[in-house]
Amino acid sequence: MAHPPPASAPELPAELAEATRDGAALKRFLHGLPGVDQVGLEQRAAGLATRSIKKDSKLWAIDTAIGMVDLTTLEGADTAGKVRALAAKARRPDPDRPDTPRAAALCVYPDLAATAVEALAGSGVGVASVATAFPSGRSSLQAKLAEVELAVSAGATEVDMVIDRGAFLSGEYGRVFDEIRDVRESCGPAHLKVILETGELGTYDNVRRASWLALLAGADFVKTSTGKISPAATLPVTQLMLQAVRDWRDRTGQLRGVKPAGGIRSTKDAIRHLVAVHEVAGPEWLSPALFRFGASSLLGDLLMQRRTQLDGHYSGPDYVAVDQ
Amino acid sequence: MTDPALDAPRSGSPWQYSPAPEARELADLKANYRMFVDGEFIDGTGEPFISTNPATEETLAEVSGASESDVDRAVAAARAAFERTWGPMPGSERAKYLFRIARLIQERGRELAVLETLDNGKPIKESRDADIPTAAAHFFHHAGWADKLDHAGHGAHPRPLGVAGQVIPWNFPLLMLAWKIAPALACGNTVVLKPAETTPLTALVFAEICEQAGLPAGVVNIVTGAGDIGAEIVAHDDVDKVAFTGSTEVGKRIQRTLAGSGRKLTLELGGKAANIVFDDAPIDQAVEGVVNGIFFNQGHVCCAGSRLLVQESIAEELLGKLRSRVSTLQVGDPLDKNTDVGAINSADQLARITELADTGESEGARRWSSPCPLPERGFFFAPTVFSEVQQSMRIAREEVFGPVLSVLTFRTPEEAIAKANNTPYGLSAGVWTEKGSRILWAAQQIRAGVVWANTFNRFDPTAPFGGYQESGFGREGGRAGLEAYLDV
Amino acid sequence: MTSDSGIPGSERPGEPTRGHTDAPARLGVTKTYKLYIGGAFPRSESGRVHPVHDSHGEFLANAARASRKDVRDAVAAARKAFGGWSSATAYNRGQVLFRVAEVMEGRRAQFVAEVAAAEGVSTGTAESTVNATIDRMVWYAGWTDKLAAVLGAANPVAGPYFSFSVPEPTGVVGILAPQQSSLLGLVSVVAPVLAAGNTCVVVSSTERPLPAITLAEVLATSDLPGGVANLLTGDAAELAPWLASHADVNALDPSGVPDSLRAEIERSSAGTVKRVLDVRPGEQDWTREPDIRRLREFTEIKTVWHPVGM
């Protein structure tokens, strides 16, 4: 690995620094991580899903979840108009209720990043741009870095890159690591979220390894999915990533984030994820700085449930703005 | 982890789980419960007694108490039913009664779950998701055996034993009843069963279910009372088979009582299971397994993983993760769906746990308890982990039967096995490692009736369960379990 | 010391006796037999022997009369041998037991003579008893690698787990061998215990110990590892309580215990929750075809679970 870590990157403990020395060291480290038992992991996730939270806490949880949403549109049919519509929603999700928190960010393709930046100027809502030949990641490094530069120069505050799953699955961890490092450098001040596309990784052991690989390479967030592959975010996968950032904190003192994306559509799902955040990683992760939801339709349901909580009766979809 | 934040309840975030109590009314609690003999609910001629809710110390109901003559009556009814109706009945007909009972348990599942939780103190999520469904599953499984006994490996037409006297404990009241009654009836025996005096209620609702199912009178008799009534049943001359689940101490007494009688006996007694975590374990699942192994049902489990044997090279990391996880356990109202650890079943049991835990400290082990708040009323004990425990300490040798974990370390696999087997008990054990050959090796070396590898506390009617050595003899479940109720 | 030995000079049974002259043509070598513990033949630590007579009361030999300390030593030897024997492959155990049958076959004549003398039966009956005994050893030898298939199971549990159950040997078994059937009865109780992978401490018939002593010699010259079977001669009524109360004995076959002592032995066994084989009063008919009950009773079912996942 030719590149020294970026100057801003904090020092890693010796054994972690050693792990990034070369491809062989990386492989030894990643393959030395504790295994994941599928049945046990899924059982724990099912247990977390049965928690029910207090009514007062519920409104707080909904508001927290709203503030964690990366409102996303990643379609071939995206237009500047669609992006502006979503930007408006991200700024003010429920115009009738101005106390509703704004979304964390708007997530778009890089060519629309400039539009999003313009539409969100001064709002405090971030602009996340996918990059690196999203969603497949199948292109040259040059092309990938060019996309990152496009996004960053357009003013994106966050870059959601995809890893090269082919390289990962063929054991070329060094290549994946280098690519993330390169992207990290190209990001400049922008936050880097690394999409593992867990639905393509095949096993939970791979999810754990890929999470650590991304953290070692400097990811600010590990993110589950592109949303283009099923399964996308699942509670066991999110839990596994939360364990990774928790263990990372225990070993380095650094806080890194987790972003489940795709497949989380209901308030109930979102709250289950927050329960996992609270119990697996800890209360300090209950913040948009460390946890995000990548979603398009989730926000609508959160708003509806928010109204239900406040109004004391059930709300309906006609009372919140549609996403399309 | 030595995070000081763990030593105080987490109160920083506004995050709180809401009380999500299951409705108490579902239990359909009555003021009085009566015993069930010869197809009728009768007032016993012994002293009535009170069953209390261990989570609130409130009286739940008054229960009729049996006397010696009630036991005689129940045994006589069981004998008559064995000879006249149940014994001669074709297996295919017995099967249908058992299917009916299984269905009725499912249909009355919520009622039974809430009642069990009120009477026992266990969390509703356990009675609802484990005890009651598994009890129903036992009847379903054994219903299928009733007309297939010729194929159970005991030759054609294996004969039942006759009247089975059964005494069960308070930790899984309905489930233990199912483990006892389902195979007994499937094999063609009739039963006289005594539930524990602190948890008699679901057994008496089960009696209603027998009535609802149209089970012939005398096939199932439930008599209620304390240990003296259990002793009457066990020693009764007209009982052909005795099955007991409970403490090793009482089990030995029963074995002595039956000496020379020629009556068949099966015993499921205490344990001091080792949960062995190797350095290559799937560590997060191991933590879950250790937590489940000792805090499931407040640790009132004979096969509880009460001794954690962890390889020294990962001991510190594992303990950190363990304490952090145990801190997230919700202790409190058993009816609350969020509750992970409920109430200790009785004041006596709480006193015993407290006493043994205190010896841990005085013998030099390091005590850590979850900083969780405990309810002001009721019998509760904070989940507790003792580290730096030595093999010689009482908390490493005696069954605590409560939410108290003893942590010991080992250096090599041989040492782990030697420590695991260094106990007169032999009911269960856990093994955590990613290495397949080591799992199979350890499973072979461990002298215990059940070995859970990379999991813990799994039960199924098809999987035989029972102990080695002083954990008892005989098996419950599966084909092997039928032997206990057949004359073979 | 109760060495009330009879007239020295008797031959071992089966050997022709010399003509009646004032001085025998050759003085026979009298033998005082010893115990078989841990693969060796020690005397009783007590130094006690007791005379053995044939069914007509003629002196045959002196046998060691084991004491409680011999029981203790034998249990220790059996425990020491348990690890190796219980973890030997079933195939290997079968081979060893089959080898025992082979060596028995080689000692046929001696067994026939001893059984005839001990049980007072004709040579023809004794021959058929010895035949049945050797056949029984062969029958049990063949069970070693079939037991797990017959008693074990893959349990179809309702969940993502693989669960299987296997029979495992119970441990150290104390055997009070039948009093009447000195060889067939003895092998009928010892062979299943060994075939199932247990080790044992056997107390032979008190009055008819010679076939057992010869069996010990057979075992010592077969491939059976020392300590797997330990054979004591002596008074079953005296030794049984020590076996029953010994905390390191896991199970008991009380076949040769006097009926009057049965209840006491069972009570004493409860002290460590020993498995005590349920045997009916009186001696059973050992010529009946055996079944697998003894194999089953001296095994424990162990159930193992593992998750099934990627």
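If you read the sequences in order, they're chains A, E and H.
For reference, each letter of the first sequence is one residue, going 1 to 324 in this note's numbering.
For reference, each letter of the second sequence is one residue, going 1 to 488 in this note's numbering.
For reference, each letter of the third sequence is one residue, going 1 to 310 in this note's numbering.
No residue lacks a Cβ here, since even glycine has one placed at the ideal position from N, Cα and C.
What in chain A is Cβ-close to residue i, meaning under 9 Å?
{"i": "S18 (chain E)", "result": "S52, I53, K54, K55, D56, S57, K58"}
How would you write the range of the beta strand (DSSP E) that residue i sits in, first residue to last?
{"i": "E40 (chain E)", "result": "40-42"}
{"i": "G165 (chain E)", "result": "163-167"}
{"i": "V166 (chain H)", "result": "161-169"}
{"i": "V341 (chain E)", "result": "Segment: none, V341 (chain E) is in no beta strand (DSSP E) and carries neither H nor E."}
{"i": "P307 (chain H)", "result": "299-307"}
{"i": "D160 (chain A)", "result": "158-162"}
{"i": "T72 (chain A)", "result": "69-72"}
Name the chain A residues whose beta carbon is nearer than 8 Å to that of residue i?
{"i": "E288 (chain E)", "result": "G40, Q43, R44"}
{"i": "K125 (chain E)", "result": "T50"}
What residue from the options has the CA that sits closest to residue i's CA?
{"i": "S204 (chain H)", "options": "H:L239, H:V172, H:R107, H:P290", "result": "H:L239"}
{"i": "D32 (chain E)", "options": "E:T59, E:W15, E:E58, E:V63", "result": "Checking the displayed sequence, the identity of residue 32 (chain E) turns out to be Asn instead of Asp. Ranking E:T59, E:W15, E:E58, E:V63 by Cα distance to N32 (chain E) puts E:V63 first."}
{"i": "E197 (chain A)", "options": "A:P98, A:V36, A:S52, A:G137", "result": "A:G137"}
{"i": "S255 (chain H)", "options": "H:M137, H:R208, H:G282", "result": "H:G282"}
{"i": "A65 (chain A)", "options": "A:K268, A:L141, A:E118", "result": "A:K268"}
{"i": "V117 (chain A)", "options": "A:G253, A:K259, A:T157, A:G23", "result": "A:T157"}
{"i": "H306 (chain H)", "options": "H:D223, H:G28, H:S163", "result": "H:S163"}
{"i": "A87 (chain A)", "options": "A:T72, A:D99, A:R97, A:T100", "result": "A:T72"}
{"i": "L319 (chain E)", "options": "E:V431, E:V385, E:F381, E:D336", "result": "E:V385"}
{"i": "A27 (chain E)", "options": "E:L204, E:H142, E:Y468", "result": "E:L204"}
{"i": "L210 (chain H)", "options": "H:T199, H:L232, H:A196", "result": "H:L232"}
{"i": "A251 (chain H)", "options": "H:I301, H:E289, H:V273", "result": "H:V273"}
{"i": "R311 (chain H)", "options": "H:P51, H:K34, H:H50", "result": "Because chain H here runs from 1 to 310, residue 311 (chain H) falls outside it and cannot be looked at."}
{"i": "S387 (chain E)", "options": "E:R397, E:V291, E:V407", "result": "E:V407"}
{"i": "Q106 (chain E)", "options": "E:Y97, E:S437, E:A136, E:L115", "result": "E:A136"}
{"i": "T202 (chain E)", "options": "E:D131, E:M89, E:E57, E:R253", "result": "E:D131"}
{"i": "L331 (chain A)", "options": "A:D78, A:A103, A:R92, A:L141", "result": "There is simply no residue 331 (chain A) to check, as chain A begins at 1 and stops at 324 in what is shown."}
{"i": "V237 (chain A)", "options": "A:V207, A:I180, A:S57", "result": "A:V207"}
{"i": "T206 (chain H)", "options": "H:T303, H:R288, H:A177, H:K146", "result": "H:A177"}
Cβ closer than 8 Å: which chain H residues qualify as neighbours of residue i?
{"i": "D37 (chain A)", "result": "P307, G309"}
{"i": "N454 (chain E)", "result": "H306, P307"}
{"i": "V167 (chain E)", "result": "What V167 (chain E) touches in chain H: nothing, since even the nearest Cβ is about 16 Å away."}
{"i": "V451 (chain E)", "result": "K302, T303, V304, W305"}
{"i": "L269 (chain E)", "result": "V273"}
Could you list which residues in chain E have their beta carbon closer than 8 Å to that of residue i, in chain order?
{"i": "P279 (chain A)", "result": "Note on residue identity: the sequence assigns Glu, not Pro, to residue 279 (chain A). Result: T328."}
{"i": "Q243 (chain A)", "result": "D284"}
Can you pull the chain E neighbours of residue i, defined as C-beta to C-beta under 7 Å?
{"i": "K146 (chain H)", "result": "Neighbours of K146 (chain H) on chain E: none; closest Cβ ~12 Å, over 7 Å."}
Starting from residue i, follow the alpha helix (DSSP H) in both directions and report where the run begins and ends.
{"i": "D301 (chain A)", "result": "298-311"}
{"i": "F49 (chain E)", "result": "Careful: F49 (chain E) lies outside any alpha helix (DSSP H), inside the beta strand (DSSP E) at 49-53."}
{"i": "V117 (chain A)", "result": "113-119"}
{"i": "E15 (chain A)", "result": "14-19"}
{"i": "Q489 (chain E)", "result": "Any question about residue 489 (chain E) goes unanswered here, given that chain E covers just 1 to 488."}
{"i": "C302 (chain E)", "result": "Element bounds for C302 (chain E): n/a, residue is neither H nor E."}
{"i": "G436 (chain E)", "result": "436-445"}
Since residue i meets chain H, which of its residues come closer than 7 Å, beta carbon to beta carbon?
{"i": "Y468 (chain E)", "result": "E300"}
So which residues of chain A does residue i contact, with C-beta pairs closer than 7 Å?
{"i": "P160 (chain H)", "result": "V39"}
Run through chain H and tell me which residues come within less than 9 Å of residue i, C-beta to C-beta.
{"i": "T462 (chain E)", "result": "A153, N155, P156, V157, A158, S163"}
{"i": "P424 (chain E)", "result": "A247, T272, V273"}
How would you list, in chain order, the residues of chain E whose beta-carbon sits under 9 Å from the beta-carbon of residue i?
{"i": "A270 (chain H)", "result": "G251, K252, R253, I254, Q255, R256, T257, L258, A259"}
Scan the stretch 355-371 of chain E for residues whose Cβ lies nearer than 9 Å to a Cβ of chain H and list them as they occur along the chain. none
Below 8 Å between beta carbons is the criterion; list the residues of the stretch 193-207 of chain A that meet it against any residue of chain H, in chain order. Residues G202, T203, Y204.
Counting only runs that start and end within the stretch 116-193 of chain H, where is the alpha helix (DSSP H) found for 4 or more residues in a row? 123-141, 147-151
Taking Cβ-Cβ distances below 7 Å as the criterion, which residues of the stretch 379-397 of chain E are in contact with chain H? Those would be none; no residue qualifies.
Any C-beta of chain H within less than 9 Å: which residues of the stretch 245-262 of chain E qualify? T248, G251, K252, R253, I254, Q255, R256, T257, L258, A259, G260, S261, G262
May I have a chain-ordered list of the alpha helix (DSSP H) segments no shorter than 4 residues that lie completely inside the stretch 254-290 of chain H? Secondary structure within the stretch 254-290 of chain H: the alpha helix (DSSP H) runs of 4 or more consecutive residues, fully enclosed, are 259-269 (chain order).
Contact set between the stretch 426-449 of chain E and chain A, restricted to residues whose Cβ is under 8 Å from the partner: E434
Note down, one range per segment and in chain order, each alpha helix (DSSP H) of at least 4 residues found wholly within the stretch 234-296 of chain A. 235-252, 267-276
In chain order, what are the residue ranges of uninterrupted beta strand (DSSP E) at least 3 long that sit wholly in the stretch 263-324 of chain E? 264-268, 274-277, 307-311
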